[in-house]
Amino acid sequence: MKIVATPELINIPEIRFANLLDEDPLGEEFWKHWLGAMRYRKLRRHFSALSESGALATELSARADKQGPTLATHDARGMRRDRVVQHPDYHELERLAYGRGIVGIKYDAAFLAQHREVRHLAGFGAGYYFAQSEIGLYCPICMTDGVGRVLERRPAGTQTPLYETTIAHLAASDLENLWQGAMFLTERQGGSDVGANTVTATRQGRRWLLNGDKWFCSNVAADAILALARMPGGAPGTKGLGLFLVLRQEPAGNSGTIRIQRLKDKLGVRSMATGEVTFENTVAHLVAGENEGFKQMAEMLNLSRLYNAVASVAGMRRALLEALKYGAGRNAFGHRLDELPLWRAAMADLVAEHLGIFTLVFETVRALDRSDNGDDQARKLLRIAIPMAKALSGKLAVFAVSEAMEAIGGNAYIEESILPRLLRDCQVLPIWEGTTHILTLDALRAIQKEGSHEALFARVRLALSRVRAFDTGPLRARLDDDIGRLEMLLKRPVESQQREARQWLESVGRTFTLALLLENAMHRSLQRPCLAAYKRLFVRPAGVMPVCHGDPAGLADTETVLLRSAIRNE
Ligand SMILES: Cc1cc2nc3c(=O)[nH]c(=O)nc-3n(C[C@H](O)[C@H](O)[C@H](O)COP(=O)(O)OP(=O)(O)OC[C@H]3O[C@@H](n4cnc5c(N)ncnc54)[C@H](O)[C@@H]3O)c2cc1C
Numbered sequence: 001m002k003i004v005a006t007p008e009l010i011n012i013p014e015i016r017f018a019n020l021l022d023e024d025p026l027g028e029e030f031w032k033h034w035l036g037a038m039r040y041r042k043l044r045r046h047f048s049a050l051s052e053s054g055a056l057a058t059e060l061s062a063r064a065d066k067q068g069p070t071l072a073t074h075d076a077r078g079m080r081r082d083r084v085v086q087h088p089d090y091h092e093l094e095r096l097a098y099g100r101g102i103v104g105i106k107y108d109a110a111f112l113a114q115h116r117e118v119r120h121l122a123g124f125g126a127g128y129y130f131a132q133s134e135i136g137l138y139c140p141i142c143m144t145d146g147v148g149r150v151l152e153r154r155p156a157g158t159q160t161p162l163y164e165t166t167i168a169h170l171a172a173s174d175l176e177n178l179w180q181g182a183m184f185l186t187e188r189q190g191g192s193d194v195g196a197n198t199v200t201a202t203r204q205g206r207r208w209l210l211n212g213d214k215w216f217c218s219n220v221a222a223d224a225i226l227a228l229a230r231m232p233g234g235a236p237g238t239k240g241l242g243l244f245l246v247l248r249q250e251p252a253g254n255s256g257t258i259r260i261q262r263l264k265d266k267l268g269v270r271s272m273a274t275g276e277v278t279f280e281n282t283v284a285h286l287v288a289g290e291n292e293g294f295k296q297m298a299e300m301l302n303l304s305r306l307y308n309a310v311a312s313v314a315g316m317r318r319a320l321l322e323a324l325k326y327g328a329g330r331n332a333f334g335h336r337l338d339e340l341p342l343w344r345a346a347m348a349d350l351v352a353e354h355l356g357i358f359t360l361v362f363e364t365v366r367a368l369d370r371s372d373n374g375d376d377q378a379r380k381l382l383r384i385a386i387p388m389a390k391a392l393s394g395k396l397a398v399f400a401v402s403e404a405m406e407a408i409g410g411n412a413y414i415e416e417s418i419l420p421r422l423l424r425d426c427q428v429l430p431i432w433e434g435t436t437h438i439l440t441l442d443a444l445r446a447i448q449k450e451g452s453h454e455a456l457f458a459r460v461r462l463a464l465s466r467v468r469a470f471d472t473g474p475l476r477a478r479l480d481d482d483i484g485r486l487e488m489l490l491k492r493p494v495e496s497q498q499r500e501a502r503q504w505l506e507s508v509g510r511t512f513t514l515a516l517l518l519e520n521a522m523h524r525s526l527q528r529p530c531l532a533a534y535k536r537l538f539v540r541p542a543g544v545m546p547v548c549h550g551d552p553a554g555l556a557d558t559e560t561v562l563l564r565s566a567i568r569n570e
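The following block contains the structure:
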């Protein structure tokens, strides 16, 4: 006899979404607060469209991930013609994202005329809902926007019509006209140490030609690629690098000079093609030459690191959403999971962590808007806030998705759930666009060269000055402690500074987060969740980086012993 399973017997809630914005009333309160209710009403259609795309993407992404891209190297006549073949669902994802203006709106004249001062907040806010399903394609989206930004902000005197045409293609919403972007920096010998790059640029008449290998090239079949290459006779290190735009179809046949050697077999972000490339006399257009190339590239890195941070909070958000829905429909020991004290406590910590890092990341996005509109203090703040937001959110995403997976249990370990893909995808977020170490050192450089910590402390104080009817004393004490520790750190030898910097960044990042939670809590509709998150995060150890209760520099002598003891030494 066949037993008919009743819902109580199955005990596995079915989780489906039609629109991810509809699942996020608190998110909507933030958008209203930050954008202004009137403006948000005007922009809501855009948010809603990409949030619907996010929901629709769930199944498409699962298939595009399982049946990832392949490389076809020859045509039917045996001629070498490298092409990346994508699953049709990936193209559908492209339509759901680019086709609904995920990049295009940020370059749209009518949008900019009304909303320039919130260009990035609106763009990242809506994109956040798409990224909750598809972190793979969010990378090409990031780079398409990033190439557009670099070309928009190229040095004066390079106003070529070609760049204007390229920007128009990057912003296109119809896939036929769209040129997607990419950024080829990393070479085989190392990604962090960009100054060691060896791909060369040579001049041939009025043209520039690139030669050499790039080792990690995401969105490898992109139409508009920014690449760093060593200028003829250029200085060693990053100073001698020029920044070039490579267009696949301009001049005709250029595509054939960009050899795709192979596609990477990656842990995650598998829907999107990452390859190894050789430039073979590839025609390139100089965007910024010696001494300027790497600096100009920073425009792209600033944006791409923010995309990375938004992808991190998006991945966390999706994992939480899945776990909370599951906990409301799954029973254990005669109770729903979300009634069990330990389960509730663990999830409350995760929701608090998400809320905290969400405010930090989007404050950084808002600072980019302020900076682009001429606010110099915001520009200084960004120098430290971007590496901080990227570093902290990337680590937190991996931790949070892993916790959410466990909170669901075995069913989240199975590929029918989105959690395995989220975990694999999120694992790249602390690595690409600069590892946590590299970002920590970047923040340290920003402090030492540009005094960017002053802008950060000023922003924390400003937030605290806006807080009413709440004792900010403990947080002020925490800020003083961070300031004192930085003063001590900066007096230490360079090696000790580096050892301690990561822990300091984590600590001050938490202080900044707490201040932002309090500031947002002053808005009535955000008050209760922000104060609740503040309370939890104030007493939680800061994030997931190593926390050392002693003096890290004092432990330096243990490093050699431990590192040598762990492997056979020749
Ligand atoms: C899926 C994927 C896609 C990618 N796509 C692109 C792309 O499209 N374009 C592109 O240009 N790159 C891309 N990358 C490369 C990525 O940006 C690099 O992997 C990253 O920057 C790190 O470089 P690396 O892997 O060479 O590690 P390395 O630079 O060799 O570093 C190895 C380790 O040493 C640490 N380290 C290095 N220097 C220091 C230091 N001074 N102090 C302390 N620790 C240090 C690093 O933190 C890291 O843990 C991609 C990578 C992945 C995984």
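Number 369 in full-length UniProt numbering belongs to position 369 of the sequence shown; there are no gaps in the numbering.
Note that the Cβ used here is the ideal one computed from N, Cα and C, for glycine as well.
Gly148 and Ala171 closer than 8 angstroms at C-beta: Yes.
Between Phe244, Tyr40 and Leu210, which lies nearest to Tyr163 when the distance is taken from Cα to Cα? If you compare the alpha carbons of Phe244, Tyr40 and Leu210 with that of Tyr163, the shortest gap goes to Phe244.
Are there any heavy atoms of ligand 1 lying less than 7 angstroms away from the beta-carbon of Ala182, as far as the coordinates show? Because some heavy atom of ligand 1 lies under 7 angstroms away, the Cβ of Ala182 counts as near it: yes.
Would you call the stretch 111-128 and the stretch 37-54 touching, i.e. three or more CB-CB distances under 8 angstroms? The stretch 111-128 and the stretch 37-54 touch, with no fewer than 3 CB-CB distances between them shorter than 8 angstroms.
Spatial neighbours of Leu526 within its chain, please: CB distance less than 8 angstroms, with the 5 preceding and 5 following residues excluded, ordered by chain position. So the list reads Leu26, Glu29, Phe30, His33 and Asn520, once near-sequence residues are dropped.
Kindly list the residues whose CB is nearer than 8 angstroms to the CB of Val277, restricted to its own chain and excluding five residues on each side of it in sequence; keep chain order. Closer than 8 angstroms at the Cβ level, and outside the excluded window around Val277, lie Phe184, Asp213, Lys214, Cys217, Val220, Ile258, Arg259, Ile260 and Gln261.
Which runs of the alpha helix (DSSP H), 4 residues or longer, sit entirely within the stretch 404-428? List check, alpha helix (DSSP H) in window: 419-426.
Whole angstroms are fine: how far does the CA of Lys395 sit from the CA of Leu226? When rounded, the distance between both Cα atoms is 27 angstroms.
Inter-residue CB distance, Ser192 and Thr435 (contact presumed, cutoff 8 angstroms): Indeed, because the Cβ distance is near 7 angstroms, the residues count as touching under 8 angstroms.
Among Arg421, Asp482, Leu486 and Arg468, the one whose alpha carbon lies nearest that of Arg445: For the residues Arg421, Asp482, Leu486 and Arg468, the minimum Cα distance to Arg445 belongs to Leu486.
In the structure shown, what three-state DSSP assignment does Lys266 receive? Coil at Lys266, not helix or strand.
At a threshold of 7 angstroms, does Ile15 count as lining ligand 1 (C-beta to nearest heavy atom)? No, Cβ of Ile15 sits at least 7 angstroms from all heavy atoms of ligand 1.
Are there any heavy atoms of ligand 1 lying less than 7 angstroms away from the beta-carbon of Leu60, as far as the coordinates show? It does not: the Cβ of Leu60 is nowhere closer than 7 angstroms to a heavy atom of ligand 1.
Using the Cα positions of Lys449 and Pro13, report the straight-line distance between them to the nearest angstrom. Rounded to the nearest angstrom, the two C-alpha atoms are 54 angstroms apart.
Give a single yes or no on whether Ile105 has its beta carbon closer than 7 angstroms to a heavy atom of ligand 1. Judged by the Cβ position, Ile105 fails to qualify as a neighbour of ligand 1 at the 7 angstroms threshold, every heavy atom of the ligand being at least this far.
Beta-bridge partners of Ala235, as assigned by DSSP: Assignment of beta-bridge partners to Ala235 by DSSP yields no partner.
heavy atom of ligand 2 below 7 angstroms from Leu71 C-beta: As presented, the structure is devoid of ligand 2, carrying ligand 1 as its sole ligands.
Bounding residues of the beta strand (DSSP E) (the contiguous stretch that carries Thr278): Counting along the chain, the beta strand (DSSP E) containing Thr278 begins and ends at Thr274 to Ala288.
Could you tell me whether the stretch 411-420 touches the stretch 466-486, using the rule of 3 or more Cβ pairs below 8 angstroms? No, the stretch 411-420 does not touch the stretch 466-486.
Do three or more CB pairs link the stretch 363-370 to the stretch 278-297 at distances below 8 angstroms? With the cut-off at 8 angstroms, the stretch 363-370 and the stretch 278-297 do not touch.
Secondary structure at Val494, three-state DSSP: helix, strand or coil? Helix.
In whole angstroms, give me the CA-to-CA distance for Pro420 and Met405. The straight-line gap from Cα to Cα measures roughly 8 angstroms.
Identify whether Met79 lies in helix, strand or coil by the three-state DSSP scheme. In this structure, Met79 counts as coil in the three-state DSSP scheme.
Can you check which of these residues, Thr198, Gln204, Cys139 and Asp223, is closest to Leu175 by C-alpha distance? With distances taken between Cα atoms, Leu175 lies closest to Asp223.
Using 8 angstroms as the threshold, is the C-beta distance between Thr70 and Val103 below it? Contact flag unset, no.
Inter-residue spacing [alpha-carbon to alpha-carbon] between Asp349 and Leu505: Their Cα atoms are separated by approximately 21 angstroms.
Any heavy atom of ligand 1 within a distance shorter than 7 angstroms of the CB on Lys266? For ligand 1, at least one heavy atom lies less than 7 angstroms from the Cβ of Lys266.
What did DSSP end up calling Gly212 once you bin it into helix, strand or coil? Assigned with DSSP and collapsed to three states, Gly212 falls in strand.
Just checking: is the beta-carbon of Ser255 within a distance shorter than 8 angstroms of some beta-carbon in chain C? Any reference to chain C falls outside this structure, which holds one protein chain only.
CB-CB under 7 angstroms to Lys380, same chain, minus the five flanking residues each way: which ones, in chain order? Short of 7 angstroms from the beta carbon of Lys380, and not among the five residues preceding or following it, lie these beta carbons of its own chain, in chain order: Glu450, Ser452 and Ala455.
Where Ile558 falls, given that 16 or more other Cβ within 10 Å makes a residue buried: With the sequence shown as reference, residue 558 is identified as Thr, and Ile is not the correct amino acid for it. By the neighbour-count rule (16 or more Cβ atoms within 10 Å), Thr558 is not buried but exposed.
For Val361 versus Ala309, is the C-beta distance shorter than 8 angstroms? Going by C-beta atoms, Val361 is nearer than 8 angstroms to Ala309.
Residue 574 versus Ala273 - alpha carbon distance: There is simply no residue 574 to check, as the chain begins at 1 and stops at 570 in what is shown.
Report the start-end ranges of each alpha helix (DSSP H) in the stretch 79-135 that is 4 residues or longer and not cut off at the edges. For the stretch 79-135, whole alpha helix (DSSP H) runs of length 4 or above, ordered along the chain, are 88-97, 109-115 and 119-131.
Comparing alpha-carbon positions, which option in Asp442, Val269, Gln296 and Glu250 lies nearest Thr166? Comparing alpha-carbon positions, the option among Asp442, Val269, Gln296 and Glu250 lying closest to Thr166 turns out to be Glu250.
Output the distance between the C-alpha atoms of Leu117 and Tyr107, rounded to the nearest integer angstrom. Going by the sequence as given, residue 117 is Glu instead of Leu. The alpha-carbon of Glu117 is positioned some 13 angstroms away from that of Tyr107.
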